[in-house]
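One structure below.
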Amino acid sequence: MNWRVPLADVQLGVEEENAVLEVLRSGWLTMGAVTKAFEEEFASFCGAKHALAVTNATAGLHLACVAAGVGPGDEVILPSLTFVASANAIQYAGATPVFADIESLDWLCISPASIERAITPKTKAIMVVHYAGYTCDMPAILEIAKTHNLAVIEDAAHAVGASLQGRALGTWGDVGCYSFFGNKNMTTAEGGMLVTNNPEIAEKARLLRSHGMTTLTWDRHQGHASTYDVVAAGYNYRMDEIRSALGREQLKKLPAGNMRRGELVTRYRELLAELAPEVLVPFSADRGQSSYHILPVLLPEGVEKQAVMASMKAQGIQTSWHYPPVHGFSIYRDHANADLLPLTQTCAGRELTLPLFPTMTAEQVAWVVEALQAAIKER
Ligand SMILES: Cc1ncc(COP(=O)(O)O)c(C=O)c1O
Numbered sequence: 003m004n005w006r007v008p009l010a011d012v013q014l015g016v017e018e019e020n021a022v023l024e025v026l027r028s029g030w031l032t033m034g035a036v037t038k039a040f041e042e043e044f045a046s047f048c049g050a051k052h053a054l055a056v057t058n059a060t061a062g063l064h065l066a067c068v069a070a071g072v073g074p075g076d077e078v079i080l081p082s083l084t085f086v087a088s089a090n091a092i093q094y095a096g097a098t099p100v101f102a103d104i105e106s107l108d109w110l111c112i113s114p115a116s117i118e119r120a121i122t123p124k125t126k127a128i129m130v131v132h133y134a135g136y137t138c139d140m141p142a143i144l145e146i147a148k149t150h151n152l153a154v155i156e157d158a159a160h161a162v163g164a165s166l167q168g169r170a171l172g173t174w175g176d177v178g179c180y181s182f183f184g185n186k187n188m189t190t191a192e193g194g195m196l197v198t199n200n201p202e203i204a205e206k207a208r209l210l211r212s213h214g215m216t217t218l219t220w221d222r223h224q225g226h227a228s229t230y231d232v233v234a235a236g237y238n239y240r241m242d243e244i245r246s247a248l249g250r251e252q253l254k255k256l257p258a259g260n261m262r263r264g265e266l267v268t269r270y271r272e273l274l275a276e277l278a279p280e281v282l283v284p285f286s287a288d289r290g291q292s293s294y295h296i297l298p299v300l301l302p303e304g305v306e307k308q309a310v311m312a313s314m315k316a317q318g319i320q321t322s323w324h325y326p327p328v329h330g331f332s333i334y335r336d337h338a339n340a341d342l343l344p345l346t347q348t349c350a351g352r353e354l355t356l357p358l359f360p361t362m363t364a365e366q367v368a369w370v371v372e373a374l375q376a377a378i379k380e381r
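Shown next, in the form of structure tokens:
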């Protein structure tokens, strides 16, 4: 469909084209010098001791769970208001996802009080999700984790470039994972990065990323090793050089892109307050530096979301829903007590995601808000 305003857009230029061509011409296509450079640059960007490029954030979260000691019989607490990959990664590790509620209809991240209520003797870890690129209450969550001796895994898929008290989201817990999927703030088409300051987690994740092998093809090509042992039944979650080349260029563009997203969010807030004051724009409080990955709003109670989406679509404006709560899906229904997730339920019914991408113009923002205003009036 030819949208007047799409939900998201990518910024790929001649820099990415040249970087990819250089890899193709080099003759070395998978995890090698370019991936190593990407990992080093990314680690330095977010102030982490270790960064491991992976196939995607879902694979990274799986590695994070296993490397943080999550296994069969364990429970991991996470928000239900997330993409299903967060919960699936816990399942891959053989553990059970336990869903917690969000803080409020203004702050759509996991609630520390709800985490505390969900803790049982089987709880092994907390997986937080920095929804839309806004920070969870990390000081409170780390305190709970310390008291109950739990690992903290950060699903920072939305939060590349975001921070709290000057410390990058993704580096507050034991291990964090970012996504570079095609609609993220920086992209490698498919891809992700695991970061940690814990050398044992880094070592375990490194081994498991490549079949549990003690040396890699690249080490042998460089003459650093001639054979290998296999010390764990690992996975193939490796990144290739083409995507790493893309990632290095995208990382350079990320700060300007995030800043532009922030300016657009400010403009949205002004226009929504003026033209559609009945629409709630979450994350109004001042807490840390967001990456502004998406722009969620809450429709007035009683306004049918599907009808608003259809009306906006008719005006050429793409909207979305982040997210159908995970506890509602057939596979997870039996895990959850929906009565314990009242804010998630309310939010999910009313949440609508508006277009947001760095090349969006102020005029496009106005079109979106005017279309939303008209769609709500029609109801
Ligand atoms: C919150 C969240 N977690 C995890 C993922 C999974 O990321 P990937 O597609 O890189 O596996 C996504 C992807 O959209 C996400 O939004």
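Residue numbering for the sequence shown follows the numbering used here, starting at 3 and increasing by one per position.
From the three backbone atoms N, C-alpha and C, an ideal C-beta is built for every residue, glycine too.
Because the structure is a prediction, the values reported are computed rather than measured.
How would you label Q252, buried or exposed, when you count the other beta carbons within 10 angstroms and need 16 or more for buried? By the neighbour-count rule (16 or more Cβ atoms within 10 Å), Q252 is buried.
Look at the Cβ atom of P357, then the Cβ atom of Q320, and state whether they are nearer than 8 Å. In this structure, Q320 lies closer than 8 Å to P357 by Cβ.
One question on the structure: do A55 and E41 come within less than 8 Å of each other, judged by their Cβ atoms? yes
Please return the same chain residues whose Cβ sits closer than 8 Å to the Cβ of V22, not counting the five positions on each side in sequence. I244, A247 and L248
Is the distance from the Cβ of A170 to the Cβ of V328 below 8 Å? Going by C-beta atoms, A170 is not nearer than 8 Å to V328.
Rounded to the nearest angstrom, how far is the Cβ of G214 from that of V233, given a contact under 8 Å? The pair is a contact, with the Cβ atoms about 5 Å apart (cut-off 8 Å).
Report yes if the C-beta distance between L152 and I128 is below 8 Å; otherwise report no. yes
Is H64 helix, strand or coil when you go by DSSP? Note: H64 maps to helix in three-state DSSP.
For ligand 1, I want to know if A159 counts as a neighbour, meaning its beta carbon is within less than 7 Å of at least one of the ligand's heavy atoms. yes
Considering only residues of the same chain and omitting the five flanking positions on each side of Y133, which have a CB-CB separation below 6 Å? L110 and C111
Can you give the Cα-Cα distance for P302 and K255, rounded to whole angstroms? 36 Å
So, helix, strand or coil for H213, using DSSP? It is coil, neither helix nor strand.
Bridge-paired residues (DSSP) for I79: V100 and I128
Do V7 and ligand 1 come close, with the Cβ less than 7 Å from some heavy atom? Checking every heavy atom of ligand 1 against the Cβ of V7, none is found closer than 7 Å.
Tell me which residues share the same chain as A39 and place their Cβ nearer than 7 Å to its Cβ, disregarding the 5 neighbours each side in the sequence. R250
Per DSSP, what are the beta-bridge partners of T355 in this structure? P298 and S322
DSSP three-state label for M261, please. helix
Have a look at L342 and S82 and give me their C-alpha separation to the nearest angstrom. 11 Å
Is it true that the CB of Q291 sits closer than 8 Å to the CB of S165? yes
Just grab the DSSP bridge partners of C179 for me. D157 and L196
Assuming A120 contacts A97 (C-beta within less than 8 Å), just tell me the rounded distance between them. A120 to A97, Cβ: 14 Å. No contact.
If you compare alpha carbons, which of Y334, T363 and A309 is closest to L374? A309
With H52 as the anchor, note down where its beta strand (DSSP E) starts and where it stops. H52 to V56
Take A204 as the anchor and find which of A191, L63 and I104 has the nearest alpha-carbon. L63
What residues match up with R169 in a beta bridge as DSSP calls it? L166
With a threshold of 16 other CB atoms inside 10 Å of the CB of K126, please say whether the residue is buried or exposed. buried
With a 10 Å radius around its C-beta and 16 neighbouring C-beta atoms as the bar for buried, classify W5 as buried or exposed. exposed
Pick from A95, V78 and P99: whose alpha carbon is nearest that of H150? V78
Hey, out of L80, T57 and P99, whose CA is closest to G73's CA? Taking the Cα of G73 as reference, the smallest distance to any Cα among L80, T57 and P99 is reached at P99.
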